[in-house]
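Enquirer: Sharing a structure here in structure tokens format.
Protein chains: 2
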Amino acid sequence: MPQFLDTTTADFETAFTALLSAKREDSPDVDAIVADIIADVRARGDQAVIDLTAKFDRLELTPETLAFSPEEIAEHVAQVSPADRAALELAAERIRAYHVRQMPPNQTWTDPDGATLGWRWGAVAAAGLYVPGGLASYPSSVLMNAIPAKVAGVDRLAIAVPTPDGVVNPLVLLAARIAGVDEIYRIGGAQAIAALAYGTETIPPVDKITGPGNAFVAAAKRRVFGKVGIDMIAGPSEILVIADKDNDPDWIALDLMSQAEHDASAQSILITDDAAFGQAVAEAVEARLQTLERREIAGASWRDFGAVITVRDLPEAAALSNRIAPEHLELCVADPETLAEDCRHAGAIFLGQFTPEAIGDYVGGPNHVLPTARSARFSSGLSVMDFLKRTTLSKMTPAALKAIGPTAERLAQSESLEAHGLSVRARLDQLNR
Amino acid sequence: MPQFLDTTTADFETAFTALLSAKREDSPDVDAIVADIIADVRARGDQAVIDLTAKFDRLELTPETLAFSPEEIAEHVAQVSPADRAALELAAERIRAYHVRQMPPNQTWTDPDGATLGWRWGAVAAAGLYVPGGLASYPSSVLMNAIPAKVAGVDRLAIAVPTPDGVVNPLVLLAARIAGVDEIYRIGGAQAIAALAYGTETIPPVDKITGPGNAFVAAAKRRVFGKVGIDMIAGPSEILVIADKDNDPDWIALDLMSQAEHDASAQSILITDDAAFGQAVAEAVEARLQTLERREIAGASWRDFGAVITVRDLPEAAALSNRIAPEHLELCVADPETLAEDCRHAGAIFLGQFTPEAIGDYVGGPNHVLPTARSARFSSGLSVMDFLKRTTLSKMTPAALKAIGPTAERLAQSESLEAHGLSVRARLDQLNR
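Those sequence lines, one after another, are chains A and B.
Position 111 of the first sequence, counted from 1, bears residue number 95 in our numbering, the numbering being contiguous throughout.
Position 222 of the second sequence, counted from 1, bears residue number 206 in our numbering, the numbering being contiguous throughout.
Below, the structure is given as structure tokens:
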């Protein structure tokens, strides 16, 4: 059973604080191992990647087989059923339609002093996308990472996906092809991140790396940060459902379980203003846990990190939601739009009882790569912006320089940066001559 | 003298690659010390910060004097000359006018399937700004960090600025007041970053930390990343000037020196299509280095990391610029707008000979916190966006769920996530009943 909390009880604050700060993830300290792997790849290039892939993935590669050939991709992709293919294509179309709208406009204007100012957005030249192999190899994540990159205009998009023992997920290759990925390497772990960041003889380096991974991948991303850009370091998934009593307890139970089944470290929380409804949902969860395929994982997550919180009213629910800053927030209430206005910190909000979070995982259109572990307080889900950067533009006319130059000179002097001031003064002196 | 390179010589590629990869910064490994400091602040709160401030800044504080009082601030600020005050106020006004335009719009739309989609931007609730003490205590950086935060709508903005031996820079306090900063703490180093990230009895925690700092501050920011958001880890400053022969060599020399005077690790590079002009600029630099106040620093930077590169033509200059991906790029050519179109990777571009980079440091309007060390390939200068985060919104009607739900269910099945599929199926079954 999950924890049951009630805001009207004396020990609520203590219990809620403990829930917020519960350490859900065992992060093994793999930093030293990862540092060695990165150094090895930087020193020995292809051969290091090949050796490490033989060791960790039990797969013998050559420089020629590091990447999938077009023929291999076609062969694997041919195994995908028409129904799966159609589903991926519809998902890709909807994700693309959403992300196209994120493209920010360039701006330029001339201000009253005659200074022309503005900025220009441009795409990262090359991006690398990490895709976990094995169990957590999700074609939907390929779409969610690759489509924003391509919409942004990234010239070259490479995927690294390990194939332990040579096992390939054809859906991952198909998703990559649908999304327009240019290169697919069958490598994984810290060695894949190092190869993407620093390049090898066969693998040209990229400028930005995104995508989820295990502790080795996360530690490697943290280490190469600065050499290349990275997206967030994702933690286990979370959902917060705020639901009133006018919901089917089984629907809400399934929504909670759809997070819990990801990972024993996932967290599912229900906040309701009706204690009996909370109890009914908990019972529905227990019933579903009898038969779910992933009942061991989902059950462990629910038992260890699940919670049902009864509140006095919906404003109190919004206040708690802001302290949780959930990755996913479902608002199953009569007026979800109004409640959403008070929920300031959330990666994604799902409005109303016909919007289960699973829609957002696949076909809604918004990205499913979202900030976890309360980081929605300060960060956003993956977007086109992650593959763009902004260059600011300034142009002074002689008149503009005369108008604002003396102020720059004054501030440079106050900061004891003489050459800064002189670079302005030399121009002003000639203009005033 | 700086390095002289010429793209027509056989050894150019080798020399240019060496220039690109020159390690300009000695990063002492302070990570273990910083880890201890953070642990200490987490364990002992105020008292740890007080003890560490006594040790590193030779300053005795109490919980009551960690923050400047309004009276102290007023007293220090009263010492600022009217000219300096007017300069800071004009700079603030121009920076605000530029950054207000960065506020991104919210969007919501309903697609043909009846799904309402969109996103909403919201401000980070609390931000902390680190301001170095001593020599590198720049009031202009206070404006550049604090104004975007306030424009974004950050509720609570705190500054940490160390005052070693009790020495206060009144201009920093005035800049903070002009920018609307709410709290100013006289603490620095890793202990200040830890206090902002985790909070103490006196200092409430923030959600995002920005601002430059020494190796301890940089290591601490890297460590608290994830618990809070951080901006980039800034390296030493850089400028690339692309100039044709129709420029005053002394102006260009001063522009190069305005970066070099920041730091012996700074880098100033000139690219020109006229070797004689390059020589003339190098001579003008030598002349200026005879008298500049900061000639030791500027001279060391120019000698160790400066370069004058002669190219065949301007397109070649743009190609090299893209490999350098400079923080600051000055285009002193006849048609800077056209050349700028080919310069894809730069933090800030300054167009034409009347736009010395120093204008951008103070009063142009664009931010002067910019990506260094080639990171303009994948990142942008500080902006209002750094203090905002996006929440995505989705709402399905029954019709929309019927239209796209089956696709979500199919993809969930292909990823073996049964509860995901069931959360959609349960709703579809009722709708189809």
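All C-beta atoms, glycine included, are put in the ideal place defined by N, C-alpha and C.
Tell me which residues share the same chain as Ser363(A) and place their Cβ nearer than 8 Å to its Cβ, disregarding the 5 neighbours each side in the sequence.
Expert: Walking along the first sequence from the start, residue 363(A) turns up at place 379. Same-chain partners within the cutoff: Met216 and Pro355.
Enquirer: Taking C-beta pairs closer than 9 Å, name the residues in chain A that Trp235(B) reaches, listed in chain order.
Expert: Along the second sequence, one-based indexing puts residue 235(B) at 251. By Cβ distance, chain A contributes Ser407, Ala410, Arg411 and Gln414.
Enquirer: From this set, Met(-15)(A), Ile22(A), Pro132(A) and Pro188(A), which residue's C-alpha is nearest Asn370(A)'s C-alpha?
Expert: Looking up residue 370(A) in the first sequence gives position 386. It should be pointed out that residue 370(A) corresponds to Asp in this sequence rather than to Asn. Of the listed residues, the one whose Cα sits closest to Asp370(A) is Pro132(A).
Enquirer: Can the beta-carbon of Ile168(A) be found closer than 9 Å to that of Val33(A)?
Expert: As a position in the first sequence, residue 168(A) is number 184, starting the count at 1. As a position in the first sequence, residue 33(A) is number 49, starting the count at 1. No; because the gap between Cβ atoms is not below 9 Å, this pair is not in contact.
Enquirer: From the DSSP secondary-structure annotation, give me the bridge partner or partners of Gln(-13)(B).
Expert: For this step, residue -13(B) is matched to residue 3 along the second sequence. Its beta-bridge partners are Ala291(B).
Enquirer: Could you confirm whether any beta carbon from chain A is found closer than 9 Å to the beta carbon of Pro320(B)?
Expert: Translated into positions along the second sequence, residue 320(B) becomes position 336. Yes, Pro320(B) counts as interfacial toward chain A.
Enquirer: Touching or not, the stretch 256 to 270 of chain A and the stretch 223 to 239 of chain A, by the rule of three or more beta carbon pairs under 8 Å?
Expert: yes
Enquirer: For Pro233(B), I'd like the list of residues in its chain whose CB is within less than 8 Å of its CB, leaving aside the five on either flank, ordered along the chain.
Expert: Taking the first residue of the second sequence as position 1, residue 233(B) is located at position 249. Phe261, Ala264, Val265, Glu267 and Ala268, listed in sequence order.
Enquirer: Using a Cβ-Cβ cut-off of less than 9 Å, list which residues of the stretch 75 to 104 of chain B approach chain A; keep chain order.
Expert: Taking 9 Å as the Cβ-Cβ cut-off against chain A, the residues of the stretch 75 to 104 of chain B that qualify are Ala75, Arg78, Ala81, Tyr82, Arg85, Gln86, Pro88, Gln91, Trp93, Asp95, Asp97, Ala99, Thr100, Leu101, Gly102, Trp103 and Arg104.
Enquirer: Is Lys379(A) close to chain B? Criterion is C-beta to C-beta, closer than 9 Å.
Expert: In the first sequence, counting from the first residue as 1, residue 379(A) sits at position 395. Lys379(A) counts as touching chain B.
Enquirer: Can you name the start and end residues of the alpha helix (DSSP H) that Ser305(A) belongs to?
Expert: Indexing the first sequence from 1 puts residue 305(A) at position 321. Leu298 to Ile308 is the extent of the alpha helix (DSSP H) around Ser305(A).
Enquirer: Going by CA-CA distance only, name the one from Asn153(A), Leu395(A) and Gly173(A) that's closest to Ala70(B).
Expert: The residue labelled residue 70(B) in the question sits at position 86 within the second sequence. Measuring from the Cα of Ala70(B), the nearest candidate turns out to be Leu395(A).
Enquirer: List, in order along the chain, the chain A residues whose C-beta lies closer than 8 Å to that of His312(B)?
Expert: Position 328 of the second sequence holds residue 312(B). Per Cβ cutoff of 8 Å: no residues; His312(B) is ~10 Å from chain A at best.
Enquirer: Taking the straight line between their C-alpha atoms, what separation do you get for Ala178(A) and Tyr346(A)?
Expert: Numbered from its first residue, the first sequence carries residue 178(A) at position 194. Numbered from its first residue, the first sequence carries residue 346(A) at position 362. Here the C-alpha atom of Ala178(A) lies approximately 30 Å from the C-alpha atom of Tyr346(A).
Enquirer: Under three-state DSSP, which class holds Glu277(A)?
Expert: If you number the first sequence from 1, residue 277(A) lands on position 293. When DSSP states are grouped into helix, strand and coil, Glu277(A) belongs to the coil group.
Enquirer: Quick one: what does DSSP say Ser378(A) is sitting in, helix, strand or coil?
Expert: Numbered from 1 along the first sequence, position 394 holds the residue referred to as residue 378(A). Ser378(A) falls in the strand class under three-state DSSP.
Enquirer: Report buried or exposed for Asn231(A), applying the criterion of at least 16 other Cβ atoms within 10 angstroms of its Cβ.
Expert: Along the first sequence, read from residue 1 onward, the residue named residue 231(A) stands at position 247. The residue in question, Asn231(A), is buried, as its Cβ has 16 or more Cβ neighbours within 10 Å.
Enquirer: List the endpoints of the continuous beta strand (DSSP E) containing Asp92(B).
Expert: The count along the second sequence starts at 1 and reaches residue 92(B) at position 108. According to the sequence shown, residue 92(B) is Thr rather than Asp. Counting along the chain, the beta strand (DSSP E) containing Thr92(B) begins and ends at Gln91 to Thr94.
Enquirer: Tell me, please, whether the stretch 371 to 387 of chain A touches the stretch 333 to 345 of chain B by the rule of three or more beta-carbon pairs shorter than 8 Å.
Expert: yes
Enquirer: Ordered along the chain, which non-local residues of its own chain (more than five positions away) have a Cβ less than 8 Å from that of Ala81(A)?
Expert: Here residue 81(A) refers to the residue found at position 97 of the first sequence. Excluding positions up to five away in sequence, the list reads Gly349.
Enquirer: In angstroms with no decimal places, state the Cα-to-Cα distance between Arg428(A) and Ser242(B).
Expert: Given that chain A is displayed from residue -15 to residue 417, the structure contains no residue 428(A) and the question cannot be resolved.
Enquirer: Do you know offhand how far Arg161(A)'s Cα is from Val64(A)'s?
Expert: In the first sequence, the residue the question calls residue 161(A) occupies position 177. In the first sequence, the residue the question calls residue 64(A) occupies position 80. Whole-angstrom Cα-Cα distance: 13 Å.
Enquirer: Output, in chain order, the set of chain A residues within a Cβ distance shorter than 7 Å of Thr184(B).
Expert: Looking up residue 184(B) in the second sequence gives position 200. Within chain A, no residue comes near Thr184(B); the closest Cβ sits about 17 Å away, beyond 7 Å.
Enquirer: Taking the straight line between their C-alpha atoms, what separation do you get for Val108(A) and Val368(A)?
Expert: Position 124 of the first sequence, counting from 1, holds the residue named residue 108(A). Position 384 of the first sequence, counting from 1, holds the residue named residue 368(A). Spanning the two alpha carbons is a distance of roughly 11 Å.
Enquirer: Specify, as a first and last residue, the run of the alpha helix (DSSP H) that Tyr346(A) falls within.
Expert: By one-based count along the first sequence, residue 346(A) stands at place 362. Run containing Tyr346(A): Glu341 to Tyr346, per the alpha helix (DSSP H) assignment.
Enquirer: How big is the Cα-Cα spacing for Ser407(A) and Leu240(B)?
Expert: Your numbering for residue 407(A) matches position 423 in the first sequence. Your numbering for residue 240(B) matches position 256 in the second sequence. For Ser407(A) and Leu240(B), the distance between alpha carbons rounds to 9 Å.
Enquirer: Interface residues of chain B around Arg296(A) at Cβ under 9 Å?
Expert: As a position in the first sequence, residue 296(A) is number 312, starting the count at 1. Simply none; closest approach about 23 Å.
Enquirer: For Arg140(A), name the three-state secondary structure that DSSP assigns.
Expert: By 1-based counting over the first sequence, the position of residue 140(A) is 156. DSSP places Arg140(A) in strand when its eight states are reduced to three.
Enquirer: Measuring only between beta-carbons, confirm whether Ile343(A) sits less than 9 Å from chain B.
Expert: Numbered from its first residue, the first sequence carries residue 343(A) at position 359. At least one chain B Cβ lies under 9 Å of Ile343(A).
Enquirer: Let me know the secondary structure DSSP gives Tyr169(B) once reduced to three states.
Expert: Working through the second sequence from its first residue, we reach residue 169(B) at position 185. Tyr169(B) falls in the strand class under three-state DSSP.
Enquirer: Of all the residues that make up the stretch 271 to 298 of chain B, which are near chain A by a beta-carbon distance shorter than 8 Å?
Expert: Arg272, Leu276, Glu277, Arg278 and Ala282
Enquirer: Measure from the C-beta of Phe429(A) to each C-beta in chain B and report whether the shortest distance is under 9 Å.
Expert: This structure does not reach residue 429(A), given that chain A is present from -15 up to 417, and the question cannot be answered.
Enquirer: Within 10 Å of its beta-carbon, does Val18(A) have 16 or more other beta-carbons around it, so buried, or fewer, so exposed?
Expert: Residue 18(A) sits at position 34 when you count from the first residue of the first sequence. Label assigned to Val18(A): buried.
Enquirer: If you run the structure through DSSP and keep just helix, strand and coil, what is Tyr122(A)?
Expert: On the first sequence, position 138 is the one that residue 122(A) refers to. Of the three classes helix, strand and coil, the one that applies to Tyr122(A) here is coil, per DSSP.
Enquirer: Let me confirm a value: Ala272(A) is counted as buried when at least 16 other C-beta atoms fall within 10 Å, else exposed. Which label applies?
Expert: To locate residue 272(A), count along the first sequence from 1; it is residue 288. The question names Ala, but residue 272(A) is Arg in the sequence shown. It counts as buried.
Enquirer: Can you pull the chain A neighbours of Lys373(B), defined as C-beta to C-beta under 7 Å?
Expert: Position 389 of the second sequence holds residue 373(B). For a Cβ distance threshold of 7 Å, residue set Ala360, Phe362, Ser363 and Ser364 of chain A lies close to Lys373(B), ordered along the chain.
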